[in-house]
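**Student:** My questions all concern the structure below.
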Amino acid sequence: MKISILLQYALPHRLLSRIVYWATRWTWKPWKNFLINQIVRRYAVDLSEAQTPDPAAFEHFNAFFTRLLKPGARSADPAPDALLCPADGRVSQAGPIRAGRIVQAKGQDYTVAELLASDEDAAAYADGSFITVYLSPRDYHRAHMPLAGRLRSTVHVPGRLFSVAPAPVAAIPRLFARNERLVCHFDSEHGPFVVVMVGAMLVSSVSTVWSGLEIPPYASKVTRRDWADKDLRLERFAEMARFNMGSTVIVLLPASVGAIDTDLRPEQAVRVGQRIGRLA
Numbered sequence: 168m169k170i171s172i173l174l175q176y177a178l179p180h181r182l183l184s185r186i187v188y189w190a191t192r193w194t195w196k197p198w199k200n201f202l203i204n205q206i207v208r209r210y211a212v213d214l215s216e217a218q219t220p221d222p223a224a225f226e227h228f229n230a231f232f233t234r235l236l237k238p239g240a241r242s243a244d245p246a247p248d249a250l251l252c253p254a255d256g257r258v259s260q261a262g263p264i265r266a267g268r269i270v271q272a273k274g275q276d277y278t279v280a281e282l283l284a285s286d287e288d289a290a291a292y293a294d295g296s297f298i299t300v301y302l303s304p305r306d307y308h309r310a311h312m313p314l315a316g317r318l319r320s321t322v323h324v325p326g327r328l329f330s331v332a333p334a335p336v337a338a339i340p341r342l343f344a345r346n347e348r349l350v351c352h353f354d355s356e357h358g359p360f361v362v363v364m365v366g367a368m369l370v371s372s373v374s375t376v377w378s379g380l381e382i383p384p385y386a387s388k389v390t391r392r393d394w395a396d397k398d399l400r401l402e403r404f405a406e407m408a409r410f411n412m413g414s415t416v417i418v419l420l421p422a423s424v425g426a427i428d429t430d431l432r433p434e435q436a437v438r439v440g441q442r443i444g445r446l447a
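Its first residue numbered 168, the sequence shown is counted upward by one per residue in this note's numbering.
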């Protein structure tokens, strides 16, 4: 095993993530401008799409990282039966869920029950389909709804914070089912679906539009929160959550609701709002 992968097991994930959390909110201009300019140059960030195109105008690094886009910079596929991509990034894996198992990388998989931390919740997705989208530092870091839905519950699942870059994903067994994550259960007019916001080392902070900051704090046990009585409805293509720093979004669909396109390939670039599948 490569040293870089061994370090993933040895490093203090949560401590490093806490340090980065505060460092990316420091408003001292020389510091925040240095961080922003490093990312813009290293990853060729396209700020012409941003509502605030001046990198020096952001209050701190996290404000830059979670930047809004200009109106019209992204649009939803107009077909009413199109399932929409939830995030900008690259496809990690996509396709059918076979006997309750999701492909993580070549030779690696994990179960829906592990990901959702519930055998009962997993039953509906045993023969459905999924897409895993990896967000790099250059990407827009807000997640949007793949279809319209009513929030039923969220589940905060404790875990590690392994990096979700391609090399660790290929090498670390069951990585997405081991990392800290927020599982969001929705009901649509077609049936249930799930959007999972997966944390990662240094980039483990998640906020939602319905309750603000969800992670941190980090969990010590699986924590379910019922939202059914709040009647929280989000439209197709609406913003639902953001990564304060980036990570991975996973969408699960039962076969009765629809299917992810089978022609999506690993490392394929995708954008919020493009079609990634069809409703049944």
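Note that the Cβ used here is the ideal one computed from N, Cα and C, for glycine as well. A quick note: this is a predicted structure, and the numbers were derived from the prediction, not measured.
#1: Return the CA-CA distance between Leu182 and Gly366, expressed in angstroms with no decimal places.
#2: When you compare each of Ala254, Ser285, Ala240 and Ser296 to Leu446 by their alpha carbons, which one comes out closest?
#3: For the stretch 272-306, which segments carrying the beta strand (DSSP E) assignment without a break, of at least 3 residues, lie completely within its bounds, in sequence order?
#4: Pick helix, strand or coil for Val361, following the three-state DSSP scheme.
#5: Which whole runs of the beta strand (DSSP E) in the stretch 400-425 are 3 residues long or more, in chain order?
#6: As a quick exercise: from Arg305, Pro222 and Leu282, pick the residue whose alpha carbon is nearest that of Ile264.
#7: Using C-beta distances below 8 Å, list every residue in its chain close to Arg403, excluding the 5 sequence neighbours before and after it, in chain order.
#8: Roughly how many angstroms separate the alpha carbons of Tyr385 and Arg391, rounded to a whole number?
#9: Run the CB neighbour count on Arg241, radius 10 Å, all protein chains shown included, and call it buried at 16 or more, exposed below.
#10: Are Tyr188 and Pro304 close, meaning C-beta to C-beta below 8 Å?
#11: Look up Ser259 in the DSSP assignment and say whether it is helix, strand or coil.
#12: Decide if Ser330 is buried, meaning its Cβ has at least 16 other Cβ atoms within 10 Å, or exposed.
#13: Between Thr191 and Phe228, how many whole angstroms is the CB-CB distance? I'm expecting something under 8 Å.
#14: Is the beta carbon of Phe343 closer than 8 Å to that of Val418?
#15: Mapping DSSP to helix, strand and coil, what is Val376?
#16: Reducing DSSP to helix, strand and coil, say where His180 ends up.
**Tutor:** By the coordinates alone:
#1: 14 Å
#2: Ser296
#3: 275-278 and 296-301
#4: strand
#5: 406-411 and 415-420
#6: Leu282
#7: Ala243, Leu251, Met312, Pro313, Leu314 and Ala315
#8: 14 Å
#9: buried
#10: no
#11: strand
#12: buried
#13: 4 Å
#14: no
#15: coil
#16: helix
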